[in-house]
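Positions in the sequence shown are counted from 1; adding 16 to them yields my numbering.
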Amino acid sequence: MTTAQGDRAHNRRFDALIAIGLFLLTIASLREAVTADAVDYGREPDVWNYLLLAAMTLPVAWRRRFPIAVLIVVAGAFVLDRGADYPITVGIWAIPMALHAVGTELPPHQSRRVAWVASGLLVVFTALGAATSDHVAPTTVVVMAAFTVFPYVLGREVHQRRTQTARLERRAAELERRQQEQSREAVRRERARIARELHDVVAHEMTVMTVQAAAARRMLDKDVDRTAGALATVEHAGHAALHEMRRLLGVLRTDDLKASHHPQPGLATLDELVEHMRGAGLEVELEVEGTPRSLPAGIDLNVYRIIQESLTNALKHGGPHTSATVRIGYEPDGLSVEVLDDGRGAAEALVTRPGSGQGHVGMRERTSMLNGRLTLGPRIGGGYRVAAHIPLDGS
17 MTTAQGDRAH NRRFDALIAI GLFLLTIASL REAVTADAVD YGREPDVWNY
67 LLLAAMTLPV AWRRRFPIAV LIVVAGAFVL DRGADYPITV GIWAIPMALH
117 AVGTELPPHQ SRRVAWVASG LLVVFTALGA ATSDHVAPTT VVVMAAFTVF
167 PYVLGREVHQ RRTQTARLER RAAELERRQQ EQSREAVRRE RARIARELHD
217 VVAHEMTVMT VQAAAARRML DKDVDRTAGA LATVEHAGHA ALHEMRRLLG
267 VLRTDDLKAS HHPQPGLATL DELVEHMRGA GLEVELEVEG TPRSLPAGID
317 LNVYRIIQES LTNALKHGGP HTSATVRIGY EPDGLSVEVL DDGRGAAEAL
367 VTRPGSGQGH VGMRERTSML NGRLTLGPRI GGGYRVAAHI PLDGS
């Protein structure tokens with residue numbers, strides 16, 4: 017059973033107890049009225065009187081489910097009871113209970129019409145009674161007006177508060193749903209970022225391993241020392257790739273996507289990348305223009321990955337004896353990066369090999385994410401050029 021169903025069942029039980037209790041109190045007040053000499057009434061209680069009192073009070077048990085029908089039955093029984101001039105009882109309290117339910121359960125425009133019609137008819141009926149019967153005091157008209165209007169007004173207040181509470185609950189549920197969607201989207205973006213990181217790392221290290229393994233195979237019978245050096249480079253690259261794969265996949269396995277046991281690479285570790293590429297057989301020169309300064313972590317990492325991917329492509333596709341130049345310019349309004357190589361066949365390889373070009377897609381995504389510009393393509397006379405400009409927002 018849901019919470020709403022439980023609340024409705026509780027309300028039905030409560031209203032049933034109220035109806036039975038009011039009926040018993042009405043019967044008790046009727047007997048007291050009969051024995052009291054000060055009470056004026058024109059007709060002795062009989063079976064019809066008891067039936068009218070039951071019709072006036074017991075329908076209160078259904079006032080939330082059928083407010084209009086209950087109001088009609090209760091008011092009709094009251095009118096017949098008073099028209100027969102039976103002793104007045106506490107059963108009259110069923111009328112404000114029914115009008116309160118009209119205010120709480122019906123839409124505003126419908127409840128307003130029902131309440132004003134019922135209140136007007138009861139007031140007019142009471143006024144006629146005051147004009148034609150000695151048992152009805154003129155002040156009873158004012159009492160009846162208050163008796164019918166105030167419960168309805170209180171019911172409308174309850175209805176408005178209930179509506180406002182429901183609106184706030186829906187808004188809170190919508191906000192929670194949006195927060196969950198944003199959290200899931202953040203997880204998806206983080207996992208996509210980690211996938212790009214994994215591609216960059218593995219592609220770089222595997223390229224180094226492939227190139228060095230091929231060199232070792234060619235030099236196996238010619239130069240043992242150089243072969244050993246190439247194999248050492250392969251071993252180092254393999255360890256580095258496994259280390260990065262464990263770190264990134266470990267992040268994917270944890271709920272806290274920010275968890276990381278090792279610092280991310282950046283331009284501060286660019287010298288290590290250059291030495292690593294030199295050890296893999298790619299001659300790299302690093303040129304820095306301007307005054308180096310601290311960069312936001314996202315820019316630092318992504319610029320490093322762009323340079324790493326560019327050098328990896330040069331090593332992979334440039335052919336033997338390829339050299340590359342990395343230029344980094346610290347400008348007042350941004351950071352410029354340029355990677356040039358004099359290799360051969362880079363553009364052709366990226367176009368013709370199935371599944372190739374993912375590294376270029378990654379570089380474009382990183383640059384776009386940083387609101388930067390990226391240009392890349394073959395150079396006139398041979399080689400390849402990758403150039404990026406990253407705005408620094410006045411930093």
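The beta-carbon is built from N, C-alpha and C at its ideal position, and this holds for glycine as well. Just so you know, these numbers come straight off a predicted model, no measurement behind them.
Per DSSP, D357 lies in no alpha helix (DSSP H); the unbroken beta strand (DSSP E) holding it starts and ends at G350 to D357. Here the alpha carbons of E288 and T249 stand approximately 14 Å from one another. Around the beta-carbon of P112, 16 or more other beta-carbon atoms lie within 10 Å, marking it buried. For P407, the beta-bridge partners assigned by DSSP are G350.
For A330 against T341, the beta-carbon gap comes to about 10 Å, at or over 8 Å, which does not count as contact. Going by DSSP, E301 is part of the beta strand (DSSP E) stretching over E299 to E305.
Counting along the chain, the unbroken beta strand (DSSP E) around L392 starts and ends at R389 to P394.
With at least 16 other beta carbons inside 10 angstroms of its own, P167 counts as buried. Y400 and E381 have their C-alpha atoms some 19 Å from each other. DSSP, reduced to helix, strand and coil, places S339 within a strand of the structure shown. If you look at F141, you'll find it in the alpha helix (DSSP H) that goes P124 to T148. Between G37 and T120, the CB-CB gap reaches or exceeds 7 Å. L115 places its beta carbon less than 7 Å from that of A131. If you look at I88, you'll find it in the alpha helix (DSSP H) that goes P83 to G99. Residue D349 holds the alpha-carbon nearest to the alpha-carbon of G306 among A313, D349 and V319. Under DSSP, Y400 takes part in a beta bridge, and its partners are D357 and P394. The criterion of a C-beta distance shorter than 7 Å is satisfied by P83 and A117. The DSSP-derived three-state label of G282 is coil. Of the other Cβ atoms in all chains shown, 16 or more fall within 10 Å of the Cβ of S127; this residue is therefore buried. For the pair R59 and D101, the CB atoms are nearer than the 7 Å cut-off. No residue range can be given for P312, since it is assigned to no alpha helix (DSSP H) and is classified by DSSP as neither H nor E. Per DSSP, I108 is not a residue of any alpha helix (DSSP H), being assigned neither H nor E.
When DSSP reads this structure, I344 sits in a beta bridge with V304 and V353. Approximately 5 Å separates the beta-carbon atoms of V157 and T142; this is inside 8 Å, confirming the contact. Per the coordinates, the alpha-carbon of S199 lies some 14 Å from the alpha-carbon of A208. Here N27 is exposed, its C-beta having fewer than 16 other C-beta atoms within 10 Å.
Counted as a single uninterrupted DSSP element, the stretch harbouring A296 is not any alpha helix (DSSP H), since DSSP gives it neither H nor E. The beta carbon of V290 sits closer than 6 Å to those of V300 and L302, all from its chain and outside the five residues before and after it, given in chain order. Judged by DSSP secondary structure, L386 falls outside any alpha helix (DSSP H); it is assigned neither H nor E. When secondary structure is reduced to three states using DSSP, D62 falls in the coil class, being assigned neither helix nor strand. By the C-beta density criterion, R79 is buried, having at least 16 other C-beta atoms within 10 angstroms.
L317 is positioned such that its CB atom lies closer than 7 Å to that of G282. In the assembly as shown, A244 is an exposed residue. Its beta-carbon has fewer than 16 other beta-carbons within 10 Å. Relative to K332, the option among L298, A146 and D62 whose CA is nearest is L298.
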